[in-house]
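**Student:** The following block contains the structure, expressed as structure tokens.
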Amino acid sequence: MPVFEYTARDAGGRQSRGTVEAADRNGAMTQISAQGLFPISITGGSSAVEAAAAKPAFAEDAPRRRSQAKPKLQELANYTRQLANLLKAGMPLTASLSSMINLEGSGVPAAVSEQLLHDVREGHNLSAALAKHPGIFPEMYVNMIKAGESGGSLVEVLLRLAEHYERFAEVRSKVTSALVYPAFVIVLGFVLIFVFMSYILPKFMKIFDGMNVALPLSTQILQSLSGFFAVWWWAVLVVGVLFFILLKSYFSTAMGRERLHGWLLEAPLVKKIVRPTMFGQFARTLGALLRNGVPVLSALKITESVVQNVVLQGAIARTREGVTDGKTLAQPLARSGVFPKLMVDLIHIGEQTGDIPSALENLAETYDNELTANLRVVTTLIEPILIVFIAGAVGFMLVGVLQAMFKITSTIGR
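Be aware that the sequence shown starts at 5, since it is given in our numbering, and climbs by one per residue.
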């Protein structure tokens with residue numbers, strides 16, 4: 005088995021040399037990492053093995069890698085912060101990337117980390133290596149790394165990126181957590197109503213029909229609904245599924261998506277969550293890019309791709325055109341009619357003071373706080389409304405059954 009010579013550092017930064025036996029360079033790297041060491045260089049092995057090592061395992065795995073899932077925001081934040089911590093501790097970039105290969109909870113496949121290490125060793129910049137994996141590392145991520153490399157502040161940029169994605173993950177988690185309970189109540193309510201109308205109520209109706217008693221109005225309504233559901237329950241499901249498919253198909257078109265996103269920005273209650281989320285995302289992304297030296301036109305283009313609302317994307321595109329024509333950032337934002345006056349005014353002040361990034365960062369904090377407060381208000385309003393609706397529907401069915409039972413009991417007792 006070939007013998008590889010290596011130079012590595014331990015967790016304390018002390019350098020050491022040694023040899024390992026392995027089938028190829030990747031196997032040697034795995035053995036060295038298993039000893040708690042961070043490889044700096046690996047040499048040796050037969051020519052055949054060297055040729056195999058020169059072609060990393062990830063090259064043969066390219067088709068599978070392209071289909072791998074995009075890491076979650078928190079996972080990408082973990083990966084970025086860990087890399088920043090290693091570099092901050094004085095570890096070389098290649099050694100830091102080597103230690104990231106088997107990092108748990110990063111969401112970045114080991115094969116991708118291996119290719120990053122290979123490309124950097126071949127002389128590529130980290131940003132160029134990252135740009136080869138757009139499904140893993142967003143355009144914003146790559147551009148900020150590139151700006152950090154140019155300015156000699158890679159560690160600071162990595163830490164800012166980690167914080168940026170941590171805040172995004174936090175905002176997304178807040179919104180998701182706030183919507184979980186209402187969604188659960190809605191689904192549970194419809195399931196209960198469907199089961200009651202399709203299976204339980206028909207059994208009572210058979211009993212009532214055999215009594216030859218004039219049933220109360222509420223029971224007659226239930227009887228009609230129950231009979232319909234008992235026969236046509238499958239049709240209700242089919243229509244519901246077809247309606248969902250048609251709605252999804254419409255909203256996947258450009259017109260449908262624009263109408264939906266416009267409605268989300270203006271609908272009562274819904275806009276209290278969507279607007280601060282979208283505006284906060286815009287301000288935080290643009291502020292982070294400008295803070296790290298990305299030109300304003302490039303920053304606007306990247307921000308346009310990050311914001312997940314086509315109405316805002318159109319407004320950002322028009323803003324970019326306005327800036328290209330020589331206007332200030334605040335002017336086309338104001339003319340778009342989409343961005344709130346508070347945002348436009350603070351950006352205008354930032355332009356006058358020469359510190360737009362700080363203005364955008366303050367706006368992001370403002371919208372985060374607004375989102376937190378609005379989520380509390382919206383969930384406080386929605387939860388009792390849903391409970392009243394479900395309780396009213398179930399209560400009506402119970403009243404209809406009980407009234408019929410009382411009517412039958414009183415008739416028999418005469």
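Heads up, the beta-carbon is just placed ideally off N, CA and C, and yes, glycines get one too.
I need the straight-line Cα distance from ILE360 to VAL381, nearest angstrom please.
**Tutor:** Distance between the alpha carbons of ILE360 and VAL381 is about 31 Å.
**Student:** So, under 8 Å CB-CB, LEU375 and GLY284 are touching, yes? Tell me the CB distance rounded to an integer number of Å.
**Tutor:** 6 Å between Cβ atoms; contact.
**Student:** Across which residues does DSSP place ARG380 in a beta bridge pair?
**Tutor:** Note: ARG380 sits in no beta bridge, so no partner.
**Student:** Shortest alpha-carbon distance to THR98 belongs to which of LEU290, ALA81, GLY127?
**Tutor:** Considering only alpha carbons, the answer is GLY127.
**Student:** So, at 8 Å on beta carbons, what are the nonlocal neighbours of ALA133 in its own chain, with the 5 sequence-adjacent residues on each side left out?
**Tutor:** Cβ neighbours of ALA133 beyond the five flanking positions: GLN119, LEU120, ASP123, VAL124.
**Student:** Using the Cα positions of ALA287 and MET259, report the straight-line distance between them to the nearest angstrom.
**Tutor:** Going from the Cα of ALA287 to the Cα of MET259 covers about 26 Å.
**Student:** Taking just the CA atoms, how far does PRO336 sit from VAL146?
**Tutor:** Roughly 27 Å between the two C-alpha positions.
**Student:** Closest to LEU183 by C-alpha separation, out of THR383, LEU406, THR23, would be which residue?
**Tutor:** It is THR383 whose Cα lies nearest to the Cα of LEU183.
**Student:** With DSSP collapsed to three states, give me the class of ALA12.
**Tutor:** Three-state DSSP puts ALA12 in a strand.
**Student:** Am I right that ALA397 and ILE197 are in contact with their C-beta atoms under 8 Å? What's the rounded C-beta distance?
**Tutor:** About 6 Å; that satisfies the 8 Å criterion.
**Student:** How big is the Cα-Cα spacing for LEU163 and LEU402?
**Tutor:** About 59 Å.
**Student:** Have a look at SER131 and SER103 and give me their C-alpha separation to the nearest angstrom.
**Tutor:** So the alpha carbons of these two residues sit roughly 18 Å apart.
**Student:** Within 10 Å of its beta-carbon, does ASN28 have 16 or more other beta-carbons around it, so buried, or fewer, so exposed?
**Tutor:** At residue 28 the sequence reads Asp, which differs from the Asn that was named. Buried.
**Student:** Once DSSP output is grouped into helix, strand and coil, what is the label at GLU374?
**Tutor:** Correct three-state label for GLU374: helix.
**Student:** Shortest alpha-carbon distance to GLY139 belongs to which of LEU268, LEU77, LYS150?
**Tutor:** Checking every option, the nearest Cα to that of GLY139 belongs to LEU77.
**Student:** State the Cα-Cα distance for the pair ILE211 and SER177, rounded to the nearest angstrom.
**Tutor:** C-alpha separation (whole angstroms): 50 Å.
**Student:** Could you name the residues that DSSP lists as bridge partners for GLU25?
**Tutor:** GLU25 pairs with VAL7.
**Student:** Strictly by DSSP, which residues pair up with THR47?
**Tutor:** For THR47, which the question treats as bridged, DSSP gives the partners GLU9.
**Student:** Near HIS352, which residues of its chain fall below 7 Å by C-beta distance, leaving aside the five closest residues on each side in sequence?
**Tutor:** Contacts found: ALA334.
**Student:** Along the chain, where does the alpha helix (DSSP H) that runs through GLY266 open and close?
**Tutor:** Where GLY266 is concerned, the enclosing alpha helix (DSSP H) stretches over 258-270.
**Student:** Looking at GLY155 and GLY297, is the spacing between their C-beta atoms short of 8 Å?
**Tutor:** Closer than 8 Å, so yes.
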